[in-house]
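Have a look at the structure below, then the notes.
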């Protein structure tokens, strides 16, 4: 997230819940980030994420996973599942402006 986007995103979350915000960049995230996210979800915290844009050309660009750069996504859940014999960590996200996005089961 670019600093101006991060500040706006944090302000929106603070305003909606009158709470404290934290921000992690995946490249500099603590090794227990998944546990931090799980605890926050379990406590009913609001979590969000976005994909960095590196230039104005990146804004609204769609990734190969069908995520849009520069958009904010809500983190709605986490889970660990066995996939091909290995434990795999999953983070469920939803685009609140996209009419369901990746979380259609809740609609």
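Numbering (the UniProt record's numbering), first residue to last: 1 to 107.
Cβ atoms here follow ideal geometry from the backbone N, Cα and C, with glycine treated the same way.
Starting from residue i, follow its DSSP beta bridges and name the residues at the other end.
i	result
residue 54	The partner list for residue 54 (beta bridge, DSSP) is empty, contrary to what the question assumes.
Measuring only the C-alpha atoms, how far is residue i from residue j?
i	j	result
residue 92	residue 78	6 Å
residue 59	residue 36	29 Å
residue 72	residue 95	7 Å
residue 80	residue 87	6 Å
residue 34	residue 61	27 Å
residue 31	residue 23	14 Å
residue 103	residue 66	Residue placement at residue 103 is poorly supported in this model, since its pLDDT is 47, which falls under 50; the coordinates still yield a value, given next. Distance between the alpha carbons of residue 103 and residue 66 is about 13 Å.
residue 52	residue 69	6 Å
residue 64	residue 50	15 Å
residue 38	residue 26	16 Å
Could you tell me how far apart the beta carbons of residue i and residue j are, in whole angstroms, since I believe they sit closer than 8 Å?
i	j	result
residue 123	residue 20	Since the first and last residues shown for the chain are 1 and 107, residue 123 lies out of range.
Does the Cβ of residue i have 16 or more other Cβ atoms within 10 Å, making it buried, or fewer, making it exposed?
i	result
residue 83	exposed
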